[in-house]
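Trainee: One structure coming up, written as structure tokens, with questions to follow.
Protein chains: 2
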Amino acid sequence: MPSKPPRPDLAALLTPLLRALVAAELPVLAAHDLTMWGYVVLSALDRSSMRTQAALAEAIGADKTRIIRTLDDLQERGFIERHPDPDDRRVRLLAITAAGRAVKDAAQAEIQRGEEHRLAALSAEERRVFLRVLMQLTHGETGGG
Amino acid sequence: MPSKPPRPDLAALLTPLLRALVAAELPVLAAHDLTMWGYVVLSALDRSSMRTQAALAEAIGADKTRIIRTLDDLQERGFIERHPDPDDRRVRLLAITAAGRAVKDAAQAEIQRGEEHRLAALSAEERRVFLRVLMQLTHGETGGG
DNA sequence: TATTGTTATACTCTATAACTATA
DNA sequence: TATAGTTATAGAGTATAACAATA
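Each protein sequence line maps, in turn, to chains E and V.
Residue numbering for the first sequence follows numbering that gives the first Met the number 0, beginning at 0 and increasing consecutively.
Residue numbering for the second sequence follows numbering that gives the first Met the number 0, beginning at 0 and increasing consecutively.
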């Protein structure tokens, strides 16, 4: 007879946790008038400016056609700048603005406060190992802002 | 000026990892002629039989209307049994069959072999803490097979 | 001709509502 | 009348394909 696996599948463990984390994020983002994609874009551009929209899309694991409305909206509200590159007028240079960084930082602070509530159940050692391993396993995977 | 957060958001860490895990699972499931929902249903019924389809749907975080086609398919292939309850002929008693367990175990073994490849980068201590914390954080969240 | 960004279209997935049968 | 399951419809989200501008 086949032996029972000693642990659940990783995806089966991660799915409900991620679902709960996203559900907790959405009201916070809504309070800051941000969509999840808007927040992901701001977070990515806060890490680094981008030379093309396609590069940004790939960096966050999205389709290039999918983020256009998001970029339009963020630009209209002054959260990002989108300038044609003088050297190649096909491409759009993307950067976050001070206002964009402010709204992103405010939302993120509130999100992480909620996360800290969950992590409070862990010991300092558990927390340290968990976050380190998570970053290690995630590192190298594509996309995901 | 606002201070930078000392860590990424948890959802931002989990998303690319889960995406990669699912992407790795799909070809394995396809090779066993299973959809992700089919696999999730078999895994749930392997843990415990269910008295109603609604209960199963809630257990895996799905809509009750969403799993009907999946149940039809699994039943046709002899992977689950679905009997009207004699005490209340509205409800369907759900249970996995030996054949269903076999295909689920085979797919799961292959999936976890792939996962072990990822986890191989961890020390025994890291692995132990990571999995324990993951189960602890996931525990209490609803759904997710 | 190849590439960036954009728009238009089609498709998949999911949720909502309406229906049948039991109770 | 209320509930389990089912079916039908509609909506959201996403991907595919076609297009305009630039190189």
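Every residue gets a Cβ at the ideal spot worked out from N, C-alpha and C, and that includes glycine.
1) Taking the straight line between their C-alpha atoms, what separation do you get for A23 (chain V) and D84 (chain E)?
2) So which residues of chain E does V128 (chain V) contact, with C-beta pairs closer than 7 Å?
3) Between the beta-carbon of I59 (chain V) and the beta-carbon of V39 (chain V), is there less than 8 Å?
4) Using a Cβ-Cβ cutoff of less than 7 Å, which residues in the same chain neighbour A106 (chain V) once the five nearest sequence positions on both sides are dropped?
5) List the residues of chain E that L121 (chain V) touches, going by C-beta distances under 7 Å, in chain order.
6) Name the DSSP bridge partner or partners of P26 (chain E)?
7) When DSSP labels each residue in this structure, what does D84 (chain V) get in the three-state scheme?
8) Indicate whether at least one CB of chain V lies closer than 8 Å to the CB of G145 (chain E).
9) Tell me which same chain residues have a C-beta within less than 7 Å of the C-beta of I146 (chain E), skipping the five on either side of it?
10) Compare the beta carbon distance of L118 (chain V) and R112 (chain V) with 8 Å and say whether it is the shorter of the two.
11) Just checking: is the beta-carbon of D8 (chain V) within a distance shorter than 8 Å of some beta-carbon in chain E?
12) Taking the alpha carbon of V102 (chain E) as the reference point, which residue from E:F78, E:D72 and E:V90 has its own alpha carbon closest?
13) Work out the CA separation of M49 (chain V) and L93 (chain V) for me, nearest whole Å.
14) Would you mind giving the Cβ-Cβ distance between P15 (chain V) and E140 (chain E), rounded to the nearest angstrom? I have them listed as a contact below 8 Å.
15) Report the neighbours of T96 (chain E) on chain V: residues whose CB is nearer than 9 Å to its CB, in chain order.
16) How would you write the range of the alpha helix (DSSP H) that D72 (chain V) sits in, first residue to last?
17) Under 8 Å, CB to CB, which of the residues in the region 15-31 of chain V have a partner in chain E?
18) Taking its Cβ as the centre, do 16 or more other Cβ atoms sit within 10 Å of D86 (chain E), making it buried, or is it exposed?
19) Using only CA atoms, which one of E:D62, E:E115 and E:Q135 lies nearest to L136 (chain V)?
20) Quick check on the DSSP output: the alpha helix (DSSP H) that includes S146 (chain V) runs from which residue to which?
21) Could you please give the first and the last residue of the uninterrupted alpha helix (DSSP H) stretch that includes T96 (chain V)?
22) The alpha helix (DSSP H) that contains R123 (chain E), what's its start and end?
23) Pop quiz: E75 (chain V) and T96 (chain V) are said to be a contact at Cβ under 8 Å. What is the actual Cβ separation, rounded to whole angstroms?
Mentor: Reading off the structure:
1) Taking the CA atoms as reference points, A23 (chain V) sits about 38 Å from D84 (chain E).
2) E125, V128 and F129
3) Result yes, Cβ atoms of I59 (chain V) and V39 (chain V) sit closer than 8 Å.
4) V27, L28, H31, L33 and Y38
5) V132
6) The partner list for P26 (chain E) (beta bridge, DSSP) is empty, contrary to what the question assumes.
7) strand
8) The structure shown has nothing for residue 145 (chain E), since chain E only spans 0 to 144.
9) Summary: the structure shown does not reach residue 146 (chain E), with chain E confined to residues 0 through 144, and so no result is reported for it.
10) no
11) yes
12) When C-alpha distances from V102 (chain E) are compared across E:F78, E:D72 and E:V90, the shortest belongs to E:F78.
13) 5 Å
14) Their Cβ separation, rounded to whole angstroms, is 4 Å, which keeps P15 (chain V) and E140 (chain E) in contact under 8 Å.
15) Within 9 Å Cβ-Cβ: nothing; T96 (chain E) doesn't reach chain V, min ~14 Å.
16) I67 to E75
17) Those would be P15, L16, L17, R18, A19, L20, V21 and E24, in chain order.
18) exposed
19) Of the listed residues, the one whose Cα sits closest to L136 (chain V) is E:E115.
20) Since the displayed chain V opens at 0 and closes at 144, residue 146 (chain V) lies outside it and no answer follows.
21) Element bounds for T96 (chain V): n/a, residue is neither H nor E.
22) The sequence shown places Ala at residue 123 (chain E), not Arg. Where A123 (chain E) is concerned, the enclosing alpha helix (DSSP H) stretches over A123 to T137.
23) Not confirmed; about 12 Å, so no contact.
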